[in-house]
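For the sequence shown, this note's numbering begins at 20 and goes up steadily by one.
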Amino acid sequence: MKEKPFTIKHVLDIASLSPDQITYILDTAESFKEISTRSIKKVPTLRGKTVINLFFEPSTRTRASFEIAAKRLSADTLSISASTSSVVKGETLIDTARNLEAMQPDVIVLRHSLSGAPHLLSRHVRASVINAGDGTHEHPTQALLDLLTVREKKGKIKGLKLAIMGDITHSRVAHSNILGFTKMGANVVVSGPATMIPPYIEKLGAKVTLSIKEAVQGADVIMALRIQLERQNKLSFPSIREYATYFGLNTQHLALAAPDAIVMHPGPINRGVEISPELADGPHSVILDQVTNGVAVRMALLYLLLGSETRMSHGDTKKDEKNPPSPPFTKGGHPLSPPLKKGDTGGFSGESQ
Ligand code: CP
């Protein structure tokens with residue numbers, strides 16, 4: 020493993036990571052992949068550390084892989100869902116986190132339906148905070164595992180054409196991937212229904228086309244996205260059937276891409292809606308490789324956060340002045356949602372939407 024300092028205290032978004040930091044995370048993740056192939060998949064690296072998964076929204080992949088990653092590094096883990104916590108009795112996110120922090124965790128992994136929730140949390144707790152998906156804002160660990168998968172399959176990221184297809188407006192995965200892949204030198208094109216492509220998206224570095232065929236033409240990577248029905252009050256298109264007909268990706272689209280194109284999807288998949296089963300299960304699909312790489316990326320992040328020399332020990336209430344958590348949506352961020360003000364705890368009842 021490279022001897023290079025990694026002094027980040029929280030992983031809140033891709034917007035605040037530099038290309039060097041992203042490369043360092045990917046290199047570290049690559050070195051951790053081997054552990055998961057052993058018959059005894061456990062190393063003592065994080066023995067004595069505690070990781071709390073605090074999930075206010077449903078999850079299969081992210082939650083399971085954070086838990087597996089922590090366990091493979093011998094950390095103690097605890098997973099909490101909003102529905103089985105005292106959030107249902109009215110406790111706020113901050114009060115929940117403060118009470119959990121009284122038990123001395125080292126990392127809190129947070130998924131929340133409100134954009135900016137992890138950034139807010141990071142200002143109220145001493146533990147490191149990892150964003151496991153916040154509203155429509157970002158899903159940084161998904162982008163990191165996607166970057167790792169593309170680098171692994173293609174041998175590079177720079178210069179590749181990545182086509183991200185579908186519900187861009189409501190997809191935190193799309194936002195993190197546009198930022199991550201453009202930072203690493205890829206050319207990102209997004210496409211989907213006009214009602215699902217927000218006007219600010221080009222500011223993040225992506226090219227927009229309403230023609231699916233143009234988007235996938237010559238693409239090295241095709242990434243399909245689920246329609247985020249849980250984040251919209253009404254459909255942005257006439258019907259699911261119509262969406263599948265006009266915007267669902269299938270083998271005819273793949274035929275327009277580069278011959279060795281790979282097909283990605285962050286999951287969960289809605290088969291026959293945004294992607295055909297033939298494409299999802301076909302030889303170009305790397306969807307399950309993404310899931311495998313999710314464990315390695317999360318192992319790397321836990322290791323890098325907890326192994327950092329500048330990390331505060333418990334009982335030290337001093338702020339890390341060198342690496343303060345970057346506020347969301349300020350310079351270097353992006354205008355996906357209204358910013359949370361410093362000290363703002365209102366509205367965070369912790370209810371999942
Ligand atoms: N990709 C992803 O975040 O999946 P989950 O919602 O199952 O965690």
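Built from N, CA and C at the ideal position, the CB exists for glycine as well.
Within the same chain, and ignoring the five residues on either side of T201 in sequence, the residues whose Cβ sits closer than 6 Å to its Cβ are V207 and G224. Proximity to S304 across L323, A280 and L248 peaks at A280, based on C-alpha coordinates.
Relative to the ligand CP, the beta carbon of P278 is positioned no closer than 7 Å to any heavy atom. V70 is not a Cβ neighbour of A116, given a cutoff of 8 Å. Taking the Cβ of Q161 as the reference point, at least one heavy atom of the ligand CP falls within a distance shorter than 7 Å. The DSSP-derived three-state label of I71 is strand. Rounded to the nearest angstrom, the Cβ distance from G199 to I27 is 15 Å, too far for a contact under 8 Å. DSSP places T96 within a strand segment (E or B) once states are collapsed to three. In this structure A299 is in contact with R290, their Cβ atoms being roughly 6 Å apart against a cut-off of 8 Å.
Fewer than three pairs of CB atoms, one per stretch, sit closer than 8 Å, so the segment 301-316 makes no contact with the segment 250-266. Judged by DSSP secondary structure, M318 falls within the alpha helix (DSSP H) whose first and last residues are I306 to G326. For R260, the uninterrupted alpha helix (DSSP H) run begins and ends at I259 to F266, by DSSP.
Here V107 is exposed: its Cβ has fewer than 16 other Cβ atoms, across all protein chains shown, within 10 Å.
Closer than 7 Å to some heavy atom of the ligand CP: that does not describe the Cβ of H194. Distance from the C-beta of R290 to the nearest heavy atom of the ligand CP is not below 7 Å.
The beta carbon of P287 sits closer than 7 Å to at least one heavy atom of the ligand CP. Annotated as distal: I87 and L163, with beta-carbon spacing of 8 Å or more. Short of 6 Å from the beta carbon of T81, and not among the five residues preceding or following it, lie these beta carbons of its own chain, in chain order: A151. With distances taken between CA atoms, H156 lies nearest to I33 out of I33, A121, G109 and Q123.
In terms of side-chain proximity, the C-beta atom of G224 is found no nearer than 7 Å to any non-hydrogen atom of the ligand CP.
The beta-carbon distance between L65 and S93, rounded to whole angstroms, is 6 Å. This is short enough to meet the 8 Å contact definition. Under DSSP, A243 shares a beta bridge with M184.
A direct Cα-Cα distance of roughly 9 Å separates P124 from T96.
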